[in-house]
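Following our numbering, the numbering of the sequence shown begins with 7 at its first residue and continues without gaps.
The beta carbon of each residue, even a glycine, is placed where N, CA and C say it ideally should be.
Please read the structure below before turning to the comments.
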Amino acid sequence: MFSKSCEYAIKAMIYIVSESLEGNRVKVNSLAQEIGVPEAFMGKIMSQLAQKQLVESLKGPYGGYQTSTSHAKKMSIIDVIHAVDGSQILEGCALGLSSCDEKNPCPMHEQFAEIRQSLKFRFGQKSMYDLAVELRKGKTVLVR
(Lines of atoms letter the chains of each structure in order from A; the text may use other names.)
(Lines give C-alpha, C1' and ligand atoms only; values in the text may rest on other atoms or scores of the structure.)
Protein backbone atom coordinates (compact mmCIF):
# COMPACT_ATOMS: atom_id res chain seq x y z
CA MET A 7 0.00 0.00 0.00
CA PHE A 8 2.82 2.40 0.88
CA SER A 9 6.27 2.80 -0.59
CA LYS A 10 9.03 0.87 1.20
CA SER A 11 10.38 4.21 2.45
CA CYS A 12 7.03 5.00 4.03
CA GLU A 13 6.69 1.55 5.61
CA TYR A 14 10.16 1.89 7.13
CA ALA A 15 9.43 5.44 8.29
CA ILE A 16 6.26 4.35 10.10
CA LYS A 17 8.13 1.51 11.81
CA ALA A 18 11.00 3.84 12.68
CA MET A 19 8.69 6.46 14.17
CA ILE A 20 6.89 3.91 16.33
CA TYR A 21 10.22 2.57 17.57
CA ILE A 22 11.72 6.02 18.21
CA VAL A 23 8.64 7.17 20.12
CA SER A 24 8.74 3.94 22.12
CA GLU A 25 12.38 4.53 23.05
CA SER A 26 11.81 8.24 23.68
CA LEU A 27 9.16 7.34 26.27
CA GLU A 28 11.99 5.70 28.24
CA GLY A 29 14.28 8.71 27.77
CA ASN A 30 16.45 7.00 25.15
CA ARG A 31 17.83 8.39 21.91
CA VAL A 32 18.05 6.07 18.93
CA LYS A 33 21.04 5.91 16.59
CA VAL A 34 20.52 5.05 12.92
CA ASN A 35 22.58 1.85 13.09
CA SER A 36 20.58 0.40 15.99
CA LEU A 37 17.30 1.55 14.44
CA ALA A 38 18.17 -0.08 11.12
CA GLN A 39 19.10 -3.31 12.89
CA GLU A 40 16.01 -3.26 15.11
CA ILE A 41 13.52 -2.95 12.25
CA GLY A 42 15.50 -4.80 9.58
CA VAL A 43 16.35 -1.99 7.18
CA PRO A 44 19.66 -1.28 5.41
CA GLU A 45 21.49 1.36 7.44
CA ALA A 46 22.16 3.77 4.54
CA PHE A 47 18.50 3.67 3.50
CA MET A 48 17.40 4.22 7.11
CA GLY A 49 19.73 7.23 7.34
CA LYS A 50 18.07 8.86 4.33
CA ILE A 51 14.61 8.24 5.73
CA MET A 52 15.56 9.65 9.12
CA SER A 53 17.02 12.77 7.52
CA GLN A 54 13.71 13.27 5.76
CA LEU A 55 11.73 12.81 9.00
CA ALA A 56 14.02 15.22 10.86
CA GLN A 57 13.73 17.77 8.06
CA LYS A 58 9.92 17.56 8.36
CA GLN A 59 10.32 18.01 12.14
CA LEU A 60 8.73 14.70 13.08
CA VAL A 61 11.83 13.78 15.09
CA GLU A 62 14.65 15.71 16.69
CA SER A 63 18.18 14.88 15.58
CA LEU A 64 20.97 15.33 18.10
CA LYS A 65 24.62 15.12 17.02
CA GLY A 66 27.57 13.74 18.94
CA PRO A 67 28.46 10.61 20.90
CA TYR A 68 25.27 10.82 22.97
CA GLY A 69 23.17 11.89 20.02
CA GLY A 70 20.52 10.13 18.04
CA TYR A 71 16.87 10.62 17.23
CA GLN A 72 14.13 11.34 19.72
CA THR A 73 10.77 13.01 20.07
CA SER A 74 8.85 14.41 23.00
CA THR A 75 5.80 12.70 24.45
CA SER A 76 3.64 15.75 23.74
CA HIS A 77 4.77 15.79 20.09
CA ALA A 78 4.16 12.03 19.76
CA LYS A 79 0.63 12.43 21.14
CA LYS A 80 -0.18 14.96 18.39
CA MET A 81 1.43 12.98 15.56
CA SER A 82 -0.48 10.35 13.57
CA ILE A 83 0.39 7.91 10.81
CA ILE A 84 -0.96 10.50 8.35
CA ASP A 85 1.84 12.88 9.35
CA VAL A 86 4.46 10.24 8.56
CA ILE A 87 2.77 9.32 5.26
CA HIS A 88 2.70 12.98 4.19
CA ALA A 89 6.35 13.46 5.19
CA VAL A 90 7.57 10.51 3.12
CA ASP A 91 5.08 9.74 0.34
CA GLY A 92 3.17 13.00 0.15
CA SER A 93 -0.60 13.18 -0.01
CA GLN A 94 -1.15 11.18 -3.20
CA ILE A 95 -2.38 7.97 -1.53
CA LEU A 96 -4.89 9.86 0.59
CA GLU A 97 -5.93 12.45 -1.97
CA GLY A 98 -4.97 11.30 -5.46
CA CYS A 99 -6.88 9.46 -8.15
CA ALA A 100 -7.03 5.66 -7.86
CA LEU A 101 -6.09 5.39 -11.54
CA GLY A 102 -3.42 8.08 -11.36
CA LEU A 103 -5.26 10.67 -13.45
CA SER A 104 -3.99 14.21 -12.97
CA SER A 105 -7.54 15.53 -12.70
CA CYS A 106 -10.24 13.47 -11.01
CA ASP A 107 -13.08 14.89 -8.94
CA GLU A 108 -16.85 14.61 -8.53
CA LYS A 109 -17.45 16.69 -11.67
CA ASN A 110 -15.00 14.70 -13.82
CA PRO A 111 -14.61 11.31 -12.08
CA CYS A 112 -12.57 8.32 -13.18
CA PRO A 113 -14.40 4.94 -13.24
CA MET A 114 -13.22 4.18 -9.68
CA HIS A 115 -13.72 7.64 -8.17
CA GLU A 116 -16.77 6.90 -6.04
CA GLN A 117 -15.45 3.65 -4.57
CA PHE A 118 -11.99 5.06 -3.93
CA ALA A 119 -13.43 8.20 -2.32
CA GLU A 120 -15.04 6.00 0.34
CA ILE A 121 -11.83 4.05 0.88
CA ARG A 122 -9.80 7.25 1.07
CA GLN A 123 -12.12 8.72 3.71
CA SER A 124 -11.90 5.52 5.73
CA LEU A 125 -8.09 5.52 5.51
CA LYS A 126 -7.88 9.16 6.59
CA PHE A 127 -10.14 8.45 9.55
CA ARG A 128 -8.32 5.27 10.64
CA PHE A 129 -4.82 6.64 10.16
CA GLY A 130 -5.73 9.82 12.02
CA GLN A 131 -7.42 8.01 14.89
CA LYS A 132 -4.36 6.77 16.81
CA SER A 133 -1.35 8.85 17.65
CA MET A 134 2.23 7.65 17.28
CA TYR A 135 2.27 7.71 21.07
CA ASP A 136 -0.63 5.22 21.20
CA LEU A 137 1.12 2.91 18.74
CA ALA A 138 4.39 3.11 20.70
CA VAL A 139 2.64 2.27 23.97
CA GLU A 140 1.08 -0.81 22.33
CA LEU A 141 4.56 -1.84 21.15
CA ARG A 142 6.03 -1.30 24.64
CA LYS A 143 3.29 -3.45 26.18
CA GLY A 144 4.03 -6.27 23.73
CA LYS A 145 0.64 -6.00 22.03
CA THR A 146 2.27 -5.36 18.64
CA VAL A 147 5.53 -6.10 16.82
CA LEU A 148 7.54 -4.24 14.20
CA VAL A 149 9.25 -7.27 12.62
CA ARG A 150 8.55 -10.98 12.33
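{"Item": "Contact the region 70-90 vs the region 22-35: 3+ CB pairs below 8 Å", "Value": "yes"}
{"Item": "Given 8 Å, three or more beta-carbon pairs between the region 142-149 and the region 90-108", "Value": "no"}
{"Item": "Outcome for Asp107 when other beta-carbon atoms lying within 10 angstroms are tallied against a minimum of 16", "Value": "exposed"}
{"Item": "Rounded straight-line distance, which links the Cα of Met134 to that of Glu140", "Value": "10 Å"}
{"Item": "Beta-carbon proximity list for Lys80, same chain, < 8 Å, skipping 5 on both sides", "Value": "Ser133"}
{"Item": "Contacts around Lys33, its chain only, beta-carbon distance under 6 Å, and the 5 residues preceding and following it disregarded", "Value": "Gly70"}
{"Item": "Contact check, Ser76 vs Phe129, beta carbons under 8 Å", "Value": "no"}
{"Item": "8 Å CB neighbourhood of Ile84 in its chain, flanking five on each side removed", "Value": "Leu96, Lys126, Phe129, Gly130"}
{"Item": "Enclosing alpha helix (DSSP H) for Gln123 [first to last residue]", "Value": "115-131"}
{"Item": "Pairwise C-alpha distance: Ser9 and Ala56", "Value": "19 Å"}
{"Item": "Cutoff 6 Å; reference Gly49; Cβ partners in own chain excluding five residues on either side", "Value": "Val34"}
{"Item": "Assigned secondary structure, Gln59 (DSSP; H/G/I helix, E/B strand, else coil)", "Value": "coil"}
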